[in-house]
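Below is one structure; the comments refer to it alone.
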């Protein structure tokens with residue numbers, strides 16, 4: 314595997330981890346009505362996670378890395394898979 318392939322794999326993995334963290338944080342925050350301090354801290358963490366996702370998505374776009382899954386490929390719960398990316402031919 315080349316250095317660039319390793320880099321693209323790292324970006325793909327980092328994106329998947331941040332998306333998973335975002336989902337878990339949203340679900341946890343919804344259940345924390347009786348814990349305002351914890352809820353506030355997790356909301357801050359969610360904000361930071363979304364900033365990281367945005368930065369990763371910018372890097373992914375600049376490197377022309379696209380989902381491996383064909384457009385319209387549905388995952389359970391709907392949506393296009395974004396956890397697997399490949400480098401588009403230039």
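Numbering (this note's numbering), first residue to last: 314 to 403.
Beta carbons are placed, not taken as given, at the ideal position from N, Cα and C, and that holds for glycine.
Residue 355 is positioned such that its CB atom lies no closer than 8 Å to that of residue 366.
Of the residues 331, 351, 326, the one whose Cα lies closest to the Cα of residue 364 is 331. CA-CA distance, residue 328 to residue 357, rounds to 19 Å.
According to the DSSP assignment, residue 346 belongs to no alpha helix (DSSP H), since it is labelled neither H nor E. Contact between residue 362 and residue 324 is ruled out by a C-beta separation of about 16 Å, above the 8 Å threshold. Sequence-distant Cβ neighbours of residue 335 in its own chain, meaning closer than 8 Å and more than five residues away, are 359, 362, 363, 366.
Residue 373 sits buried, since 16 or more C-beta atoms from the chains shown fall within 10 Å of its C-beta.
Within the model, the alpha-carbon separation for residue 315 versus residue 351 is close to 43 Å.
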